[in-house]
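**Q**
Numbering (this note's numbering), first residue to last: 241 to 617.
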């Protein structure tokens, strides 16, 4: 059995945030997320107390009354921060899960090795791509116009955020910080998907057609995909409530906010990326599973043809041998019926139902908001 090399834990060293929190302070993603959430909202609450804008006044919406902020930070910010810290776990568990399920075999050119060195080289190359500092250029370039847009739009809001220069600057910093994390996270997810697909190209894949996960032993892939989908869905839901909050603050109709090109495009981008995050890691796995299934069925078919030819030659011969060949044909037919039901996608009905249920939820919330707004208009 191939062993998982220690290099699988390199991903915790990809950046100083993950390394500091996970390795220096030994905090798990959930604990770190809760502590960070309490810290920055604690700073804002103290500032709001100083600015006397904890609750709404006749001219401004107070911090505790701004439900949009609390939903965005509780859902969107927390989901981003948690997933950013969790991603090294996701990579390690996915690869180690495939190894432990005995799905990953040695490349044909390395049959005489134990596989550890070969997998170690793959992981180190994977890590170098994953941790490349050049990827930070992407969020940095996008951040420049976004920063100007945020400053210009948020200055118009008569809420706690604009009550003082500190609260305004700190809030803009938080938005930019989480935007940077989010774009970096999406970039890394794409890199992970590319390298997981490369795993299926560089190594022999032994699909375990009767594995109890009902996914040929490839369930770690679908679990990784679903974790990313849930993160995207939570952020999308927070964006929907953020748009509802913007409609309340600016006294606009919610449907008019949704019609804005930027807002509408984010909804489309969310659904596209969520679908890619779920299905892209599974594409080559699907090919491998289908290939394994067809190969097994072909072997059964070839054996069936051999036994059928034997039956034809024994029709006028030995009854005992004929009976034995007919029995083999029946068993081969049963085996064929079983093999034809083998899965060819590394997920089960529960995964698929969870995916579609998750991906429609932000649109459902948005639709309910539009219908409710029109009904009470």
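All residues carry an ideal CB built from backbone N, CA and C; glycine is no exception.
Kindly indicate the opening and closing residues of the alpha helix (DSSP H) around residue 456.
**A** Within the chain shown, residue 456 is the residue found at index 216, counting from 1. Here residue 456 belongs to no alpha helix (DSSP H), and DSSP marks it neither H nor E.
**Q** For residue 396, decide whether its Cβ has a neighbour in chain D, counting only Cβ atoms nearer than 8 Å.
**A** Absent here is chain D; the protein component of the structure consists of one chain.
**Q** Beta carbon of residue 602, beta carbon of residue 493: below 8 Å?
**A** As a first step, residue 602 must be located in the chain shown, where it is residue number 362. As a first step, residue 493 must be located in the chain shown, where it is residue number 253. For residue 602 and residue 493, no; Cβs fall outside 8 Å.
**Q** Pick helix, strand or coil for residue 489, following the three-state DSSP scheme.
**A** On the chain shown, position 249 is the one that residue 489 refers to. Helix.
**Q** Which value, in whole angstroms, describes the spacing of the CA atoms of residue 375 and residue 255?
**A** Taking the chain shown and counting its residues from 1, the one referred to as residue 375 is at position 135. Taking the chain shown and counting its residues from 1, the one referred to as residue 255 is at position 15. Their Cα atoms are separated by approximately 12 Å.
**Q** Figure out for me which residue from 483, 320, 444 and 589 has the closest Cα to the Cα of residue 272.
**A** For the purposes of this step, residue 272 is taken as the residue at position 32 of the chain shown. Measuring from the Cα of residue 272, the nearest candidate turns out to be 320.
**Q** How many Å lie between residue 434 and residue 249 at the Cα?
**A** Here the question's residue 434 lines up with position 194 in the chain shown. Here the question's residue 249 lines up with position 9 in the chain shown. Distance between the alpha carbons of residue 434 and residue 249: 19 Å.
**Q** Let me confirm a value: residue 589 is counted as buried when at least 16 other C-beta atoms fall within 10 Å, else exposed. Which label applies?
**A** Position 349 of the chain shown, counted from the first residue, corresponds to residue 589. Exposed, since its Cβ has fewer than 16 Cβ neighbours within 10 Å.
**Q** Looking only at its chain, what residues have a beta carbon closer than 7 Å to the beta carbon of residue 323, apart from the 5 residues adjacent to it on each side?
**A** As a first step, residue 323 is located in the chain shown; it is residue number 83 there, counting from the start. The answer, listed in chain order, is 425 and 471.
**Q** Just to confirm before moving on: does the CB-CB distance between residue 400 and residue 407 stay below 8 Å?
**A** Translated into the one-based positions of the chain shown, residue 400 becomes position 160. Translated into the one-based positions of the chain shown, residue 407 becomes position 167. Yes.
**Q** With a threshold of 7 Å, establish whether the CB of residue 528 neighbours any heavy atom of the ligand ZN.
**A** As far as ligands go, the structure on display features none, and thus does not contain the ligand ZN.
**Q** Rounding to the nearest angstrom, what Cα-Cα distance links residue 383 and residue 289 in this structure?
**A** Counting from one through the chain shown, the residue named residue 383 turns up at place 143. Counting from one through the chain shown, the residue named residue 289 turns up at place 49. Roughly 31 Å separates the two Cα atoms.
**Q** Please list, in chain order, all residues of the same chain as residue 232 whose beta carbon is under 6 Å from its beta carbon, the five residues on each side excluded.
**A** The chain is shown only over 241 to 617; residue 232 falls outside these bounds and no answer can be derived.
**Q** Report buried or exposed for residue 497, applying the criterion of at least 16 other Cβ atoms within 10 angstroms of its Cβ.
**A** As a position in the chain shown, residue 497 is number 257, starting the count at 1. Residue 497 comes out buried.
**Q** Between the Cα of residue 576 and those of 429, 313, 545 and 598, spot the shortest distance and give me the residue it belongs to.
**A** Within the chain shown, residue 576 is the residue found at index 336, counting from 1. Of the candidates 429, 313, 545 and 598, the one whose C-alpha sits nearest the C-alpha of residue 576 is 545.
**Q** Can residue 440 and residue 525 be called in contact, C-beta distance under 8 Å?
**A** In the chain shown, counting from the first residue as 1, residue 440 sits at position 200. In the chain shown, counting from the first residue as 1, residue 525 sits at position 285. Yes; because the gap between Cβ atoms is below 8 Å, this pair is in contact.
**Q** Does the Cβ-Cβ distance between residue 516 and residue 343 come in under 8 Å?
**A** Taking the chain shown and counting its residues from 1, one reaches residue 516 at position 276. Taking the chain shown and counting its residues from 1, one reaches residue 343 at position 103. No. Outside cutoff.
**Q** Can you tell me the Cα-Cα spacing of residue 629 and residue 302, whole angstroms?
**A** Residue 629 is absent from the model: the chain starts at 241 and stops at 617.
**Q** Can you tell me whether DSSP reads residue 301 as helix, strand or coil?
**A** Counted from its first residue, the chain shown places residue 301 at position 61. Three-state DSSP puts residue 301 in a strand.
**Q** What are the uninterrupted segments assigned as beta strand (DSSP E) that are 3 or more residues long and contained completely in the segment 330-416, given in chain order?
**A** Counting whole runs of 3 or more residues, the segment 330-416 contains no beta strand (DSSP E) stretch at all.
**Q** If you count every other CB in all the chains shown that lies within 10 Å of the CB of residue 539, and 16 or more means buried, which is it?
**A** For this step, residue 539 is matched to residue 299 along the chain shown. Counting Cβ neighbours within 10 Å, residue 539 comes out exposed, since fewer than 16 surround it.
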